[in-house]
Every structure is written in structure tokens, then in C-alpha cells.
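*Asks:* One structure is given below, represented as C-alpha cells, and several questions about it will come after.
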Amino acid sequence: MKRYWWKIVAVVFLFYTIIMGFLGPVPHLPVLHETIRNLYFHVTMWFGMMILLTVGLVNSILYLRKSDLKNDILAAEATNVSVLLGTLGLITGSIWAKYTWGAWWTNDPQLNGAAITMLAYLAYLLLRSSVEEEQKRARIAAVYNVFAYVMMVVFIGIIPKFTNVDSLHPGKGGNPGFNTYDLDRNLRLVFYPAIIGWTLLATWIMTLRIRLKNIQKL
Amino acid sequence: MLIKELKALLAKEVKLEFRNKYAFNGILLYVASTVFVSYLSFQKIVDPPTWNALFWIILLFAAINTVSKSFIQESKGLLLYYYTLAGPQAIILSKIIYNALLLVFISFVCYACYSLFIGNIVQNQVLFMASLALGSIGISSVLTLVSAIAAKTNNNLSLMAVLSFPIMMPLLITLIKVSKYAVDGVSLSVTYKYLLVLSLLDLIVLTLSYLLFPYLWRD
């Protein structure tokens with residue numbers, strides 16, 4: 097019980113998210129209407145992805161400091177799982193966009209940022225698979241990871257502020273969506289558990305993969 | 081100490097380039113022939129977005145070809161020899177400075193060549209040239225580090241493009257935006273803040289390369 101309580105939390109929270117996400121009360125905002133329920137899936141998955149990417153970054157920096165291969169495996173698997181979450185986030189976002197904007201993909205700063213993030217981390221995984229030697233691979237990958245993370249933050253956080261392109265994305269460019277005014281109490285009650293739930297589920301997958309890696313090494 | 085090492089290493093890079101000019105001439109020929117192929121298919125371009133996009137694509141691939149040789153070309157023994165002579169900071173800085181100078185030169189040659197064949201529709205020359213110069217510094221910093229990474233792997237040339245595109249994207253988007261303004265003839269008083277962003281980005285990538293290279297270096 098001591099060691100697996102968080103797995104129970106993950107399952108309970110995710111069931112709660114799915115049930116309340118589809119059946120619970122939501123505010124009716126212009127443009128979004130019932131599709132605001134995607135907030136519980138799309139947005140929370142991206143949040144989980146960002147949390148795990150940050151875990152990956154911290155472990156990469158720790159590896160560069162201490163050269164402990166444990167950190168490297170953790171960084172790699174955190175990134176692997178966050179790519180999975182990112183892909184799910186892309187799919188849910190794309191389906192949402194098809195029915196709200198009428199296209200699977202639009203030229204939008206938010207969307208481009210997401211695409212670049214995915215490309216950067218897929219490149220990271222490719223880089224890992226192209227080096228054989230363990231220590232060397234760990235070091236090179238850690239360096240690339242730090243670079244990619246900083247550039248991703250710059251791309252998502254800083255560039256859109258200067259280029260003042262209007263975004264169609266909810267919460268940007270005056271559209272209703274995820275910000276303090278619109279996120280009322282009902283939404284919050286599902287939104288935060290959903291973030292915790294996805295993150296814990298991803299962590300669960302990550303620990304399984306790490307154990308698999310450790311067994312394969314023997 | 082750092083300055084002294086830097087000077088020596090830079091002098092070495094320049095000397096090496098002068099001795100075997102084939103690399104440099106190769107890039108120039110690459111730029112000329114790419115521009116000519118574009119000329120054959122497009123003739124003159126008057127549409128600003130197309131003009132701008134084609135220019136940056138040509139320049140980007142020329143840049144990747146230019147910078148990729150900076151670590152990949154050098155043999156393991158030679159790198160080991162540098163290691164005994166100079167610190168990693170001096171080596172990465174000398175390579176970045178040298179590549180930036182080379183890229184500035186190549187981008188101006190590319191611009192001249194492109195104007196000659198495809199036509200020059202840039203209305204604000206100063207802004208365009210400033211974006212070329214600032215872009216060269218940033219692209220050189222990213223690509224030099226990526227080439228150091230790629231040199232350590234088995235299939236280095238294809239990795240070079242895959243690894244560098246996503247992390248160059250903030251820089252590229254800003255560059256394309258600034259040069260688009262330059263083509264449209266927007267005055268400097270409106271666009272100076274984009275030049276500031278560009279300089280800031282240059283500073284970020286330069287610092288990252290400078291800080292991260294020592295970890296790549298130890299082998």
C-alpha cells in the first residue's frame with residue numbers, strides 16, 4: 097500500500113475525469129460551447145507533457161553534473177512518455193479543431209509551437225538511437241535536451257509575444273478559454289485532478305519502462 | 081589566456097581555409113547553382129513571401145553545408161591534439177566566430193547572386209542586411225554546437241539537419257519575419273524591436289553553446 101497508493105490515485109482521478117468530463121456541468125461560452133470539455137483532455141495532457149519534459153530536463157542537467165546513468169535513463173524515459181502524451185494532445189487538439197475551426201491543422205502560433213516541440217523531442221529520441229556507447233550517448237543526449245528545452249520555452253513563451261500574430265486558439269487573442277475569468281469552479285474541480293491523473297499515469301508507464309530497461313541490461 | 085587561444089585558433093581556421101580553398105569554393109558554387117536552378121524554374125519572383133521563403137531556404141541549406149564540416153571534417157586525432165593545446169571554451173568560441181564570419185560572407189554572396197537572377201524586391205536594404213548579419217551569428221552558434229553533437233554519432237550528415245531544424249526554429253521565424261518587413265519596406269523605427277529580439281536570441285544560443293560544449297568535449 098505504501099508504494100503503490102499513487103497508482104490508485106491515478107486510476108481514480110482518471111475515471112473521475114472521464115465520467116465528470118463527459119457528464120459534469122460546464123459553462124456555455126461563445127464558440128466553445130460543449131467542446132470546452134476538451135479542456136479536460138487536450139490541455140491537461142499538454143500540462144502532463146510539460147511536467148515530464150521538465151523532469152527530463154532536470155535529469156539531463158543532473159547527468160551532466162554527476163555522470164550517473166540512472167539520471168540518463170530517467171531523462172530518456174520521461175521524454176519518451178511525454179512524446180506519447182504530446183501525440184495524444186495533438187490528436188485531441190486536432191479533432192477539436194476540425195469541428196470548431198473546420199480544419200485539422202491551421203497556421204497558428206500555438207499549433208506551430210506544439211509541432212516544433214514534437215519535432216525537437218523526436219529528434220532527441222533519434223539522436224539517442226544513433227549512438228551505441230552508453231556514456232557517450234547519455235552525455236550527447238543531455239546536451240541536446242537542455243538546448244531543445246530552452247529553445248522550446250523561447251518558441252512557445254517569448255516569440256509569440258513579440259511577433260503579435262493573432263491566435264485563434266482559446267485563451268489567446270481575446271478568445272474565451274483557459275484563463276482566470278473563464279475557468280469557473282466546476283471546470284477547476286475536474287481540471288486539476290485531470291492534470292494529476294495524466295501525469296501519474298505517465299509516471300507509471302515511465303517506471304515500468306525503466307524497470308524493463310534495467311532487466312534488459314542484465 | 082582565453083583571448084590568446086582564441087586568436088591562435090581563429091588564425092588557424094582562416095589559414096586552413098586559405099590553404100584548401102575547395103571547401104569554400106564548393107559552398108560558393110553550391111549557392112550559385114541552387115540560385116540558378118531556382119531561376120530556371122521561377123524566372124523572376126515579384127511576390128514578397130515567395131521571394132523571401134526561397135531566399136531563406138537556399139541560405140539555410142548553404143549554412144548547414146558550410147558549418148557541418150567544422151567538427152565532422154576533423155579527425156579524432158586532430159581533436160585530441162586541440163584538447164591538449166586549448167580549453168573547450170576557446171575552441172567553441174573560435175569555431176562560432178569563424179563560422180559566423182563565413183556565413184555573413186556567404187549570405188551576402190547569396191543575396192547578390194539571388195538579386196542578380198531572381199530579382200531584388202527588397203525596399204529597406206539596411207534592415208535586410210542587418211537581419212542577414214544577425215542571422216548569421218545565431219545560425220552559426222546553433223549549427224556549430226549541433227555539428228559537434230552530430231560528429232559524435234554514426235550517421236552524422238542526415239542527423240545534422242534533423243537535429244538543427246527544430247532548435248533553430250525560433251531564430252528562423254524571427255528572421256523570416258524581419259526580412260519580410262525589409263522586403264515590404266517597413267521603416268527601421270517600427271522594426272527595431274525585432275532586431276532586438278533577434279540579438280537576444282543570438283545571445284541565448286551563443287550562451288547555450290558556450291555553456292554546453294565543454295560537456296561534449298570530454299571523451
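Which chain is which? The protein sequence lines are A and B, in order.
By the count of the numbering used here, the first sequence reaches residue 314 at its end, each step adding exactly one.
By the count of the numbering used here, the second sequence reaches residue 299 at its end, each step adding exactly one.
All C-beta atoms in this analysis are idealised placements derived from N, C-alpha and C, irrespective of residue type, glycine included.
1. Please return the same chain residues whose Cβ sits closer than 6 Å to the Cβ of E97 of chain B, not counting the five positions on each side in sequence.
2. Rounded to whole angstroms, what is the Cα-Cα separation between L86 of chain B and L134 of chain B?
3. Please report the Cβ distance between F116 of chain B and F197 of chain B, rounded to the nearest whole angstrom; I am assuming they are in contact, meaning their Cβ atoms lie under 8 Å.
4. May I ask you to list, following chain order, the residues of the stretch 272-299 of chain B that have a beta carbon less than 9 Å from some beta carbon of chain A?
5. How would you write the range of the alpha helix (DSSP H) that W192 of chain A sits in, first residue to last?
6. Comparing C-alpha positions only, which one of A:Y136, A:Y220, A:Y240, A:T196 sits nearest to L318 of chain A?
7. Using a 10 Å radius around the Cβ and a threshold of 16 neighbouring Cβ atoms, would you call Y245 of chain A buried or exposed?
8. For V227 of chain A and V147 of chain B, I'd like the C-alpha separation in whole angstroms.
9. Using a Cβ-Cβ cut-off of 8 Å, state whether V242 of chain B counts as contacting chain A.
10. Between which two residues does the alpha helix (DSSP H) holding Q206 of chain A run?
11. Measuring only the C-alpha atoms, how far is G330 of chain A from I291 of chain A?
12. What are the residues of the stretch 163-177 of chain A that lie near chain B, defined by any Cβ-Cβ distance shorter than 9 Å?
13. Using the three-state DSSP reduction, which class does D127 of chain B fall into: helix, strand or coil?
14. Once you ignore the five residues that flank L252 of chain B on each side, which residues in its own chain have a CB closer than 6 Å to its CB?
15. Taking one C-beta from the stretch 196-211 of chain B and one from the stretch 262-273 of chain B each time, how about it: are there three or more such pairs within less than 8 Å?
16. Using C-beta distances below 8 Å, list every residue in its chain close to P128 of chain B, excluding the 5 sequence neighbours before and after it, in chain order.
17. What would DSSP say about Q205 of chain B, mapped onto helix, strand or coil?
*Replies:* Let's see:
1. Excluding sequence neighbours, E97 of chain B sits near F104.
2. Rounded to the nearest angstrom, the gap between the Cα atoms of L86 of chain B and L134 of chain B is 36 Å.
3. Taking C-beta atoms under 8 Å as the contact rule, F116 of chain B and F197 of chain B qualify, at a distance of about 6 Å.
4. Across the stretch 272-299 of chain B, CB contacts with chain A closer than 9 Å involve K273, Y274, L276, V277, L280, L281, I284, V285, L288, S289, L291, L292, F293, Y295, L296, R298, D299, in sequence order along the chain.
5. Unbroken alpha helix (DSSP H) run through W192 of chain A: 165-196.
6. No information on residue 318 of chain A is available, as it lies outside the stretch 97 to 314 that chain A covers here.
7. For Y245 of chain A, the number of other beta carbons within 10 angstroms of its own is at least 16, and it is reported as buried.
8. Spanning the alpha carbons of V227 of chain A and V147 of chain B requires a straight line of approximately 21 Å.
9. The beta carbon of V242 of chain B falls within 8 Å of a beta carbon belonging to chain A, placing the residue at that interface.
10. Residues 205-225.
11. The requested residue 330 of chain A is not part of the displayed model; chain A covers only 97 to 314.
12. From the stretch 163-177 of chain A, no residue has a Cβ closer than 9 Å to chain B.
13. The answer is coil: DSSP assigns D127 of chain B none of H, G, I, E or B.
14. Contacts found: none.
15. By the C-beta criterion, the stretch 196-211 of chain B is judged to be in contact with the stretch 262-273 of chain B, since at least 3 inter-stretch pairs fall below 8 Å.
16. Excluding residues within five positions, the ones whose Cβ falls inside 8 Å are I201, K260, V263, D264.
17. If DSSP states are grouped into helix, strand and coil, Q205 of chain B belongs with the helices.
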